[in-house]
Amino acid sequence: MSDPLQPRKIPSGRRPPTGGGEIVTRSPEGPWRGAALLLLVLSVAAVLVLTLRPAGPGSALGVPPLCLTCGDAPLANAVRNVVLFLPAGIALGLLVGRVLPVALAALALTLGIETAQLFIPGRNPLLVDVLANGSGGALGGWIGIHLPRLVSPPARVARRLAPGSAILACLLLLLSGWLLSPAPPSRELAVSLAPLGPPPAEAEPTTADPRPRILQARIGSEELAHGPHPDTPRLAAGVRALLRPPTGPAGGVDPQVPAATGTTLVLDFLPGPPVPPGRHEPARTTLFRIHSGADGREALRVHLLPSGGLAVSPPSRSRAFGLDHPRLHWADALAGLDPADPVRLVLRSATGQDGDPSGGTRQGWCVELALPGTGAGATRSPAPTAPTDPRIRCRRAPDPTLGWSLLLWPPMSGRAEVLLGTLFLLGLLLPAAWWSPGRGMAAGTLLAPGAILLLLPLLLPGIALPHPATWIAFGAAGAAALPRGQSRSRSTGRSTGQT
-16 MSDPLQPRKI PSGRRPPTGG GEIVTRSPEG PWRGAALLLL VLSVAAVLVL TLRPAGPGSA
44 LGVPPLCLTC GDAPLANAVR NVVLFLPAGI ALGLLVGRVL PVALAALALT LGIETAQLFI
104 PGRNPLLVDV LANGSGGALG GWIGIHLPRL VSPPARVARR LAPGSAILAC LLLLLSGWLL
164 SPAPPSRELA VSLAPLGPPP AEAEPTTADP RPRILQARIG SEELAHGPHP DTPRLAAGVR
224 ALLRPPTGPA GGVDPQVPAA TGTTLVLDFL PGPPVPPGRH EPARTTLFRI HSGADGREAL
284 RVHLLPSGGL AVSPPSRSRA FGLDHPRLHW ADALAGLDPA DPVRLVLRSA TGQDGDPSGG
344 TRQGWCVELA LPGTGAGATR SPAPTAPTDP RIRCRRAPDP TLGWSLLLWP PMSGRAEVLL
404 GTLFLLGLLL PAAWWSPGRG MAAGTLLAPG AILLLLPLLL PGIALPHPAT WIAFGAAGAA
464 ALPRGQSRSR STGRSTGQT
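Numbering-wise, my numbering puts 401 at position 418 of the sequence shown, and it's gapless, one number per residue.
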């Protein structure tokens, strides 16, 4: 039994017990207070930089300020704003020790930001931003108040936190895989072909009418026409087949060109003049679109980006819930082309080695462009039949470690995707491993998420195994759990010997 005369430290912010003749002292506040002050300065600076700089293309301009569900991905926008104010809330929670002052401070800061956005180009103050930022600050304040106890919880509490956080990690991986799986709408499908809007005066794009023109569009052997599709189930099946996981050999003859599998989408089009930066009118940017006529939900979209870029948005369940999803962005796909030069785009599922941006033999899908010849003898036809300058870009099929992309998917390299996926997975695994009181529980909390990552591709068509590099997160989480488990074991042994 411990000596009652031995001074005992108690956590900062808790009132010392009275009576009992036991001497108590407060634990030093220096480390936590210094870290909280640094976090507060950095997080507030980051908030101001991200919210007060002029917005680029794709901003929230045009969204009604009081609408809570408007915009391209309203739920993702709300969750992003909650996360944005979490670090500042945690810092204030550590410093203040009460949730209400933290929530009021977060609310005052976001009201000031939204007011300033009235005078910033490209910014649009929204009620949902105010509510989400205030909620993020309040949640962060609660976490900050309990953070010292969560970092080093008693053994009894840790035994409950470890399995609970492991279950939460499994649920988030399952949800991420389900939301990222391709699931096009299956009722009242319609096809939109460029040019959108009034009928063009000329057959080719001009300065007066720069909209792109679709010359021919087909999925498999079926020709597609503008307007409602007469056979929605067949078209939905064709869209699903576009991104169906390949079952053929894992790689083509040329490792740079993945082997084609399944159905293909073929678009012959005239791109028109490059879209100026900051211009995102649908008539100028939308090239091809399959969508539900009932609710407008997109099944597949091909659109132009500023300065000769191209983007393909595949079907995803996440779109129905107001979340983001990975896309293929090709920044210079059409750069340097004459506006009237015909281009052929082919979209197909594929397997390959180096065609996939993440590297390795992976399943995914590819976009191939056949550009017109540039030699003196090159001739132009209404629809190109033989590629003279083929280009190809691929991306891997989504996997549960891309769950972070449901909140925001900016264009990035394959290596950056893998890095963020590894950090996302590590963030899910680390709490359970950290709180595990022993090696056995730590192994159990890591085994269940690993099994989910291996089984989901078998249960959800269109979901792939994670990139091999992301599995390093399991090793990092196990390495973090080992010293914690040993220290708790020694602590338990000492307390048992003293009793």
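Quick reminder that beta carbons are idealized off the backbone N, C-alpha and C, glycines included.
Three-state secondary structure (DSSP) of residue i
{"i": "L58", "result": "helix"}
{"i": "W417", "result": "helix"}
{"i": "L283", "result": "strand"}
{"i": "I73", "result": "helix"}
{"i": "R142", "result": "helix"}
{"i": "W392", "result": "coil"}
{"i": "R63", "result": "helix"}
{"i": "P383", "result": "helix"}
{"i": "D405", "result": "The displayed chain sequence assigns Thr, not Asp, to residue 405. Reduced to three states, the DSSP call for T405 is helix."}
{"i": "V24", "result": "helix"}
{"i": "A463", "result": "helix"}
{"i": "S148", "result": "helix"}
{"i": "T495", "result": "Since the first residue shown for the chain is -16 and the last is 482, residue 495 is missing from the structure and cannot be characterised."}
{"i": "A18", "result": "helix"}
{"i": "T247", "result": "strand"}
{"i": "S485", "result": "In the structure as shown, the chain starts at -16 and stops at 482, and residue 485 therefore has no counterpart that could be examined."}
{"i": "C50", "result": "coil"}
{"i": "L448", "result": "coil"}
{"i": "L253", "result": "strand"}
{"i": "L179", "result": "coil"}
Classification of residue i by the beta-carbon crowding that lies within 10 angstroms, buried from 16 upward
{"i": "A462", "result": "exposed"}
{"i": "L442", "result": "exposed"}
{"i": "E205", "result": "exposed"}
{"i": "E400", "result": "buried"}
{"i": "H450", "result": "buried"}
{"i": "C50", "result": "exposed"}
{"i": "I128", "result": "buried"}
{"i": "V174", "result": "buried"}
{"i": "G458", "result": "exposed"}
{"i": "R170", "result": "exposed"}
{"i": "V65", "result": "buried"}
{"i": "L412", "result": "buried"}
{"i": "R398", "result": "exposed"}
{"i": "R378", "result": "buried"}
{"i": "P181", "result": "exposed"}
{"i": "P178", "result": "buried"}
{"i": "G17", "result": "exposed"}
{"i": "P394", "result": "exposed"}
Opening and closing residue of the alpha helix (DSSP H) in which residue i lies
{"i": "S118", "result": "L110 to V134"}
{"i": "V295", "result": "Looking at the DSSP string, V295 is not in any alpha helix (DSSP H); the run it does join, the beta strand (DSSP E), is G292 to S296."}
{"i": "R422", "result": "R422 to L442"}
{"i": "R223", "result": "T215 to L225"}
Residue i - containing beta strand (DSSP E), residue span
{"i": "V174", "result": "L172 to L176"}
{"i": "R300", "result": "Taken as a continuous stretch (DSSP letters only), R300 belongs to no beta strand (DSSP E), as it is neither H nor E."}
{"i": "A91", "result": "A91 -> not in any beta strand (DSSP E); alpha helix (DSSP H) instead, spanning V82 to A99."}
{"i": "T269", "result": "T269 to S275"}
{"i": "R201", "result": "R196 to I202"}
{"i": "H312", "result": "L311 to W313"}
Residues near residue i by beta carbon distance below 7 Å, same chain, minus five either side
{"i": "R188", "result": "Note on identity: in this sequence residue 188 is Pro, with Arg being the wrong assignment. Here the set comprises R194, P195, R196, L253, G255, P256, P322 and A323."}
{"i": "I96", "result": "T34 and L35"}
{"i": "R280", "result": "P168, H274, R302 and A303"}
{"i": "L144", "result": "P136 and W418"}
{"i": "P165", "result": "R223, L226, P297, P298, S299 and G445"}
{"i": "P414", "result": "S148"}
{"i": "L69", "result": "G119, L122 and G123"}
{"i": "A452", "result": "V401 and T405"}
{"i": "A416", "result": "A425, T428, L429, A460, G461, A463 and A464"}
Sequence-distant residues of the same chain with beta carbon closer than 6 Å to residue i, five excluded per side
{"i": "V285", "result": "L270, F271 and V295"}
{"i": "V27", "result": "A71"}
{"i": "M424", "result": "A145"}
{"i": "A19", "result": "A74, L77 and L78"}
{"i": "P370", "result": "Confidence at P370 is low in this model, with a pLDDT of 47, below 50, so its placement is unreliable and the value that follows should be read with caution. The residues are A353."}
{"i": "L218", "result": "L172 and H212"}
Same chain, Cβ closer than 8 Å to residue i, neighbours up to 5 away in sequence not counted
{"i": "P57", "result": "L51, V111 and G305"}
{"i": "L31", "result": "I96"}
{"i": "P48", "result": "N107, P108, L109 and L110"}
{"i": "G319", "result": "G291"}
{"i": "S100", "result": "It is Gln, not Ser, that sits at residue 100 in the sequence shown. The answer, listed in chain order, is T34, L35, R106, N107 and P108."}
contact_flag[the region 432 to 439, the region 386 to 396] where n(CB pairs < 8 Å) is 3 or more: no
Sufficient close CB pairs (3 or more, under 8 Å) joining the region 248 to 255 to the region 322 to 334: yes
Stretch-stretch touch, CB-based, cutoff 8 Å, three pairs: the region 291 to 310 with the region 199 to 214: no
The region 111 to 130 touching the region 158 to 165, judged by at least three CB pairs closer than 8 Å: no
Sufficient close CB pairs (3 or more, under 8 Å) joining the region 140 to 156 to the region 82 to 99: no
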